[in-house]
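> Top to bottom, those sequences are chains W and D. Plus 3 on top of the position in the first sequence (first one is 1) and you've got this note's numbering. Residue 51 in this note's numbering sits at position 53 of the second sequence, with consecutive numbering throughout.
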Amino acid sequence: MSDAVSALNGQTHDGFARVAEAGLRGMVTIRADLDSTALAAALGALGLSVPAKRQIVSAGDTSVGWMGPDELLLLCDYAQAPHLCADLSAALAGEHALVVTVSDARAIFTVQGARADQVLQKLCPVDFATLPVGELRRTRAAQIAAALWRSGPDELSLVCFRSVAGYMIGLLEVSARKGGEIF
Amino acid sequence: MLTLQCPYCGVTVEETELAPGGEAHLKRFGPGSSDDDFEAYMFARKNPKGVHFERWRHAYGCGKWFLAARCTATLEVFGTYPAQTTEPPADLIAKIKEKRPTWEGYK
């Protein structure tokens, strides 16, 4: 097995908030009928449930987020992703569904600090004041597509395509520079 | 700035998250149709000053196409609805007729 590395090798920058590429994270895209009982059972076996519209639910290290009316994104340990993908594929074998490991096609970032929101307020057309914990919001960060959610107290996580990870860390680093606080 | 509610995500998103798709509820005339029908399908658009039905794609969100009714003169948005329909929902038409009594209808 090749030695997997994340897009930016965990690059971090400290400004008025700390921005970091969060390293390797397992990700599995599920395209399926979200009302399917087989899907509910398969996620139930992982301690998860099918998330409601725009929600992200977690159990330990594993989370599953609502990406669209027929799409979910499962986040898990990097090494576990191919196994979970195979299990889910088997569980949805009889259905019109697609399960793919996309760990190496995505990059994940965290923005930490009391002013973490302000870093993203400059980049995304999202009202962060009304973004609750447990909601996953797909949007854009400047010119690229991203999905973001509150992953902890004073912490936001962002997922984007790996090919634009360099652009994303550049955005975040500039946006988080000291002196750039909004309020 | 135009803001529309995506009927799939339920979020109110602004124009920059969306991709425009032109006029909605066009009937396709493909191979075998008359030249006049094909020309009308291909090129003729209503371009009204007033109530207009449009296609939009939530490009930076769920990626789904949806339809919107808005006024091209005032930019007032009457409503949005999923694209799996061949004509606007009756309640939306009623709402528009109430606001624009002189509107001639969507056909």
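The beta-carbon is built from N, C-alpha and C at its ideal position, and this holds for glycine as well.
Give the secondary structure of T70 of chain D by DSSP, where H, G and I count as helix, E and B as strand, and everything else as coil.
Coil at T70 of chain D, not helix or strand.
> Label A45 of chain W either buried or exposed according to how many other C-beta atoms from any shown protein chain fall within 10 Å of its C-beta, with 16 as the threshold for buried.
That one is buried.
> On the premise that F76 of chain D lies in contact with K93 of chain D, defined as a C-beta separation below 8 Å, what is that separation, rounded to the nearest angstrom?
Confirmed, about 6 Å.
> Determine the DSSP secondary structure at S66 of chain W, reduced to helix, strand or coil.
Three-state result, S66 of chain W: strand.
> Quick one, which of W:A48, W:G18, W:T65 and W:L123 has its alpha-carbon nearest A149 of chain W's?
Comparing Cα-Cα distances from A149 of chain W to each of W:A48, W:G18, W:T65 and W:L123, the minimum goes to W:L123.
> Counting along the chain, where does the alpha helix (DSSP H) carrying H86 of chain W start and finish?
Counting along the chain, the alpha helix (DSSP H) containing H86 of chain W begins and ends at A84 to A94.
> If I follow the unbroken alpha helix (DSSP H) through D73 of chain W, where does it start and stop?
That residue, D73 of chain W, is in no alpha helix (DSSP H); it is neither H nor E in DSSP.
> Quick check on T10 of chain D: does DSSP put it in helix, strand or coil?
Note: T10 of chain D maps to strand in three-state DSSP.
> Suppose you measure from the CA of Q146 of chain W to the CA of P128 of chain W; what does that come to, to the nearest Å?
Taking the straight line joining both Cα atoms gives about 11 Å.
> Can you tell me whether DSSP reads A88 of chain D as helix, strand or coil?
Three-state result, A88 of chain D: helix.
> Name the residues in the stretch 29 to 46 of chain W whose C-beta lies less than 9 Å from a C-beta of chain D; which are they?
Answer set for the stretch 29 to 46 of chain W: empty.
> In angstroms, rounded to a whole number, what distance separates the CA positions of D130 of chain W and W101 of chain D?
Straight-line Cα distance between these residues: approximately 35 Å.
> For G155 of chain W and Q115 of chain W, what's the separation of their Cα atoms in angstroms?
Those two C-alpha atoms are separated by around 9 Å.
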